[in-house]
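> First the structure, then my questions, so here it is.
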Amino acid sequence: MASEAEDGQAISGVWYAPQTSRAMTATLRLEDGGRLTARDEAGAVLASCELPAAAFSDRVGSIPRRIAFADESAFETDDNDSVDRLMQPLAKRGSGLVHSLERFHPRLAVFVVLVALLAAAIYRFAVPVLVEVAVLVTPPVVPELLSSSTMTTLDNTVFEPSKLDAETQKDIAEGFDKLAAASAGGADGYSLNFRKGGHIGPNAFALPDGTIVLTDELVEMANDNETILGVLAHEIGHVDHDHSLRQVYRAAGVTGLILLIGGDVGAGVEDILIQGSALLQLRHSRSAEAEADRFSIELMHRTGHDPLAISRFLELIRDKLGDTSESDFLSTHPATPSRIEETKRYAEELMATMPD
Amino acid sequence: MDIQEAEAGAPPTPSMRREQFTFTGTGREYFGIWIVNILLTIVTLGIYSAWAKVRRNRYFYGNTRLAGASFDYHARPVQILIGRIVVLTILILYNLAATFFPVAGGILGVLFLLALPWLVMRGLRFSARMTSFRNVRFDFTGGYGGAFLAYILGGLLTWGSLGILAPIASQWMWRYTLDNLRYGDRPIDCDPRLEKLYGQFVMPAAVFVIGLVVVVVLGVSIFSLASGIGLDLEDFSSDFAVGGILLAIYGAFLPFFLLFVLVSLLYSAGARNVALSETVIDGQHLLASHIGRWRYAWIAISNFFATLFTLGLARPWAAVRMSRYLAGVTVLYSAGSLDDFFSTVKQSEGVVGSEYMDIEGLDFGF
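Chains as they are written, first to last, in the working numbering: chain A, 37 to 392; chain B, -3 to 362.
Written out as structure tokens, the structure is:
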């Protein structure tokens, strides 16, 4: 059968009249004068048109090939090789190239390795670059909207107004202003808010527009302004490094990529990939915490405060909240004991190289 | 072990011809298509995914054969690419709005829920019109109301009644998707009767109840055994405690989840049997489905784990295995020739394309 089409011999298949399901055994060949012609078993012409006017379906595996004539009648055949030879004069290479890549061949093993390497490379390099670009082009109004809506929600649901006395608030705010003035955003780049934490307890956090929230419970637990300033410097670090925006963009980017290959991996595995990427996000969250710890040490040191303040606060967490877990698996923050060790080491190193 | 396992026997009337669906694809052949799809999708940062979808669908449709002919899929990749860009943009805007304005996000969520039936309807219509068998295209005539009933109310009904009213929801769903389908110029009728759907509901429900009892009894006895032999649960170091709590949560949750998946698979296979077996094409050709429910659940679950444990490499084999099984349990009893159907959907793709291209891509995100 292979060489038949070349000598003008016929490809056998089935012909359908335009718009109907009526099938007729037929043959197809390129006749003199370059006309593609389908004939029935008796040799009568069923359809005929110039070769370039016929539409050939792409070759996929060994599914039947469909050749549509200009009059919308169609010829169908399983003889893919002969059809390929028939359409050679058309020199349409694109789809043939994909099919030849798809053939079962040792090369496919290379593709498997390439997929694994490329997926890792995209996750490791391309996603971070895209995240940086997204952070750069984000107009300032986005973090402002994000922060004000989060703050409103929290005020309506969790927080109550602070019960701290005015003097304590004033002391902390003065220290905070000095830290802010020495940071990238300047004195106006950050705002400190006191709240009663309710069920979130002793806590401090930063929103991407520079809003920093400090709960009464944390002030009471620390009971020392220098320690509290160490925590606030840590939060300023989160703002300066755009940690929360980066986290939003990274999650969106990775999920988007997984959705695009979803049809090929199946729904169950797609869900697992999305859950797994959420677990991997935690690693970024932990490195962001470590980065903010170092920022706190540097800022405290630069402004003439005690760089060890953040370590003292972490020791408080360990002692008062009993957080002695060595494991940071499945956690947004690094394990407290190792954070204490790391912050102490870094603070001492900094003080040794740059004494006051 | 259940009635559906039995091979569907002779045609309903002697004059009918039994035509068996077959699937002729192989894991070996699909593997190449699959890995090239993924590779090119990654290399082109997702753009190729539209071409990948067309090649994947053409492979599966083209290998599904009936009475000497095969199905075909005619969507053009560019249509799908544009559809995906539109849908992706909407999803991104929606997520941004939901993050930045929680209140507006809530309103948008409701709007989205109301728009969903419309999107499903257009998606089904696009898929039907892009599918052909023996040179004749399918069409879909379902409207918004039916989609709302089938996909929104049906879901609420199933969850709200803890599954007891699931057969009503599946009646709506199958009626919407199959009864509104047309093959060329001829109607397809599908009216799965509620009592038959409830007939398929009994066994999965019993499995669920028995499974629930077993899981709870086992859980309680393991727990009391652990405390009985003096394992003081508070004595773990806190490191252990974190891991232990996580393990306990997953350990307690997982059996219920697996049970739920198993029961859903058993029931949906039974519902497919009922729905297809009550489907009539052009008032004379009868469809029939005789899935073995346990067999189907086994294939689905083992496919999932095989794919997982081979880091995805078994996926082509698994997908082909499922298609082959489903084709093998589906039959058409034809009352006469399949020659006399006429396409009513205009095949000049420009018309179909420009009107519906914005709708494709709905297959992800839900």
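The beta carbon of each residue, even a glycine, is placed where N, CA and C say it ideally should be.
#1: Can you check the segment 85 to 135 of chain B for any beta strand (DSSP E) of at least 3 residues that lies completely inside it and give the ranges in chain order?
#2: Residue 296 of chain B to residue 115 of chain A, Cα distance in whole Å?
#3: Where do the N-terminal and C-terminal ends of the alpha helix (DSSP H) with residue 356 of chain A fall, by residue?
#4: Which residues, in chain order, does the segment 21 to 42 of chain B contribute to contact with chain A at a C-beta distance below 9 Å?
#5: Give a yes or no on whether 9 Å exceeds the smallest Cβ distance from residue 64 of chain B to chain A.
#6: Within a Cβ cutoff of 7 Å, which residues of the same chain sit near residue 356 of chain A, ignoring the five residues on either side of it in sequence?
#7: Tell me, please, whether the segment 142 to 151 of chain B touches the segment 160 to 171 of chain B by the rule of three or more beta-carbon pairs shorter than 8 Å.
#8: On a Cα-Cα basis, can you pick out the residue from A/55, A/101, A/373, A/312 that is closest to residue 123 of chain A?
#9: First and last residue of the beta strand (DSSP E) that includes residue 266 of chain A?
#10: Can you tell me which of the three DSSP states residue 228 of chain B falls into?
#11: Considering only the alpha carbon of each residue, which of A/82, A/86, A/150 lies closest to residue 72 of chain A?
#12: Please decide whether residue 56 of chain A counts as near chain B, where near means a Cβ-Cβ distance under 9 Å.
#13: Flag residue 262 of chain B as yes if its beta-carbon sits less than 9 Å from any beta-carbon of chain A, otherwise no.
#14: On the DSSP bridge list, what partners appear for residue 185 of chain B?
#15: Considering only the alpha carbon of each residue, which of A/214, A/60, A/339, A/91 lies closest to residue 80 of chain A?
#16: Between the segment 119 to 151 of chain B and chain A, which residues of the former have a C-beta closer than 8 Å to a C-beta of the latter?
#17: Residues of chain A with CB closer than 9 Å to the CB of residue 55 of chain B, please, in chain order.
#18: Pull up the distance between the alpha-carbon of residue 326 of chain B and that of residue 57 of chain B, whole angstroms please.
#19: Check the Cβ of residue 52 of chain A against every Cβ in chain B and list those closer than 9 Å, keeping chain order.
#20: Classify residue 286 of chain A as buried or exposed, calling it buried when 16 or more other Cβ atoms lie within 10 Å of its own Cβ.
#21: Residues of the segment 137 to 151 of chain A in Cβ contact with chain B at a cutoff of 8 Å, in chain order, please.
#22: Looking at chain B, is there any beta carbon in it that lies within less than 9 Å of the beta carbon of residue 46 of chain A?
#23: With respect to the beta strand (DSSP E) encompassing residue 147 of chain A, which residues constitute its N-terminal and C-terminal limits?
#24: Contact check, residue 378 of chain A vs residue 326 of chain A under 8 Å by CB: the rounded distance?
#25: Pairing CB atoms from the segment 185 to 200 of chain A with CB atoms from the segment 62 to 78 of chain B, are three or more of them under 8 Å?
#26: Can you grab the Cα-Cα spacing for the pair residue 212 of chain B / residue 203 of chain B, in whole Å?
#27: What is the DSSP secondary structure of residue 379 of chain A, counted as helix, strand or coil?
#28: What residues in its chain sit with their C-beta under 7 Å from that of residue 179 of chain A, if we drop five residues either side in the sequence?
#29: Please list, in chain order, the chain B residues whose beta carbon lies closer than 9 Å to that of residue 59 of chain A.
#30: If you drop the 5 nearest sequence neighbours on each side, which residues of the same chain put their C-beta closer than 6 Å to that of residue 189 of chain B?
#31: Go through its chain and collect everything with a Cβ distance to residue 382 of chain A's Cβ below 7 Å, but skip five positions before and after it.
#32: Check whether chain A comes within 9 Å of residue 303 of chain B, counting only Cβ atoms and requiring the distance to be less than that.
#33: Using 9 Å as the limit for Cβ to Cβ distance, is residue 305 of chain A near chain B?
#34: Determine the direct distance from the alpha carbon of residue 218 of chain B to that of residue 207 of chain B, and round the result to whole angstroms.
#35: For a cutoff of 9 Å on Cβ pairs, would you count residue 228 of chain B as touching chain A?
#36: Going by CA-CA distance only, name the one from B/180, B/160, B/176, B/183 that's closest to residue 199 of chain B.
In short:
#1: 127 to 129
#2: Within the second sequence, residue 296 of chain B is the residue found at index 300, counting from 1. Within the first sequence, residue 115 of chain A is the residue found at index 79, counting from 1. Using only the alpha carbons, I get a separation of about 34 Å.
#3: Within the first sequence, numbered from 1, the residue matching residue 356 of chain A stands at position 320. Counting along the chain, the alpha helix (DSSP H) containing residue 356 of chain A begins and ends at 345 to 357.
#4: 21, 22, 24, 25, 26, 27, 28, 29, 30, 31, 32, 33, 34, 35, 36, 37, 38, 39, 41, 42
#5: The sequence position of residue 64 of chain B within the second sequence is 68, counting from 1. Yes, residue 64 of chain B counts as interfacial toward chain A.
#6: By 1-based counting over the first sequence, the position of residue 356 of chain A is 320. Contacts found: 257.
#7: yes
#8: For the purposes of this step, residue 123 of chain A is taken as the residue at position 87 of the first sequence. Looking at the Cα atoms, A/101 is the closest of the given residues.
#9: Within the first sequence, residue 266 of chain A is the residue found at index 230, counting from 1. Looking at the DSSP string, residue 266 of chain A is not in any beta strand (DSSP E); the run it does join, the alpha helix (DSSP H), is 261 to 276.
#10: As a working note, residue 228 of chain B is residue 232 in the second sequence. Low local confidence applies: a pLDDT of 45 at residue 228 of chain B is under 50, so the model's placement there is unreliable, and no value is given.
#11: Position 36 of the first sequence, counted from the first residue, corresponds to residue 72 of chain A. Out of A/82, A/86, A/150, A/86 has the C-alpha closest to the C-alpha of residue 72 of chain A.
#12: As a first step, residue 56 of chain A is located in the first sequence; it is residue number 20 there, counting from the start. It does; some Cβ of chain B falls within 9 Å.
#13: Your numbering for residue 262 of chain B matches position 266 in the second sequence. No, its Cβ sits nowhere closer than 9 Å to a Cβ of chain A.
#14: Start at 1 with the first residue of the second sequence, and residue 185 of chain B comes out as number 189. B/276.
#15: Here the question's residue 80 of chain A lines up with position 44 in the first sequence. Measuring from the Cα of residue 80 of chain A, the nearest candidate turns out to be A/60.
#16: 129, 130, 131, 132
#17: Here the question's residue 55 of chain B lines up with position 59 in the second sequence. 96, 97, 99, listed in chain order.
#18: Stepping through the second sequence from its first residue, residue 326 of chain B is reached at position 330. Stepping through the second sequence from its first residue, residue 57 of chain B is reached at position 61. Their backbone Cα atoms lie some 15 Å apart in a straight line.
#19: In the first sequence, counting from the first residue as 1, residue 52 of chain A sits at position 16. Going along chain B in sequence order, the residues near residue 52 of chain A (Cβ under 9 Å) are 130, 131, 132.
#20: On the first sequence, position 250 is the one that residue 286 of chain A refers to. Flag for residue 286 of chain A reads buried.
#21: 137, 138, 139, 140, 141, 144, 147, 148, 150, 151
#22: Within the first sequence, numbered from 1, the residue matching residue 46 of chain A stands at position 10. By this cut-off, residue 46 of chain A is not an interface position.
#23: The residue labelled residue 147 of chain A in the question sits at position 111 within the first sequence. Here residue 147 of chain A belongs to no beta strand (DSSP E); instead the alpha helix (DSSP H) covers 143 to 157.
#24: As a first step, residue 378 of chain A is located in the first sequence; it is residue number 342 there, counting from the start. As a first step, residue 326 of chain A is located in the first sequence; it is residue number 290 there, counting from the start. With a Cβ gap of about 7 Å, residue 378 of chain A and residue 326 of chain A count as contacting.
#25: no
#26: Counted from its first residue, the second sequence places residue 212 of chain B at position 216. Counted from its first residue, the second sequence places residue 203 of chain B at position 207. Whole-angstrom Cα-Cα distance: 14 Å.
#27: On the first sequence, position 343 is the one that residue 379 of chain A refers to. Residue 379 of chain A: helix per DSSP, three-state reduction.
#28: Position 143 of the first sequence, counting from 1, holds the residue named residue 179 of chain A. Once the five neighbours on either side are set aside, the close Cβ partners of residue 179 of chain A are 244, 245, 281.
#29: Here residue 59 of chain A refers to the residue found at position 23 of the first sequence. Near residue 59 of chain A (Cβ distances below 9 Å), the residues of chain B are 64, 65, 130, 131, 334, 335.
#30: Within the second sequence, residue 189 of chain B is the residue found at index 193, counting from 1. Nothing meets the Cβ criterion.
#31: One-based indexing of the first sequence puts residue 382 of chain A at position 346. Answer for residue 382 of chain A: 330, 333, listed in chain order.
#32: Taking the first residue of the second sequence as position 1, residue 303 of chain B is located at position 307. Yes - at least one Cβ of chain A is within 9 Å of the one on residue 303 of chain B.
#33: Along the first sequence, read from residue 1 onward, the residue named residue 305 of chain A stands at position 269. True, the Cβ-Cβ gap to chain B drops below 9 Å.
#34: As a first step, residue 207 of chain B must be located in the second sequence, where it is residue number 211. As a first step, residue 218 of chain B must be located in the second sequence, where it is residue number 222. Looking at the two C-alpha atoms, the distance is approximately 16 Å.
#35: The residue given as residue 228 of chain B occupies position 232 in the second sequence. Low per-residue confidence applies at residue 228 of chain B: pLDDT is 45, beneath 50, and the placement is therefore not dependable, though the value from the model is reported in the following sentence. With 9 Å as the cut-off, residue 228 of chain B does not count as an interface residue toward chain A.
#36: As a working note, residue 199 of chain B is residue 203 in the second sequence. The option with the nearest alpha carbon to residue 199 of chain B is B/160.
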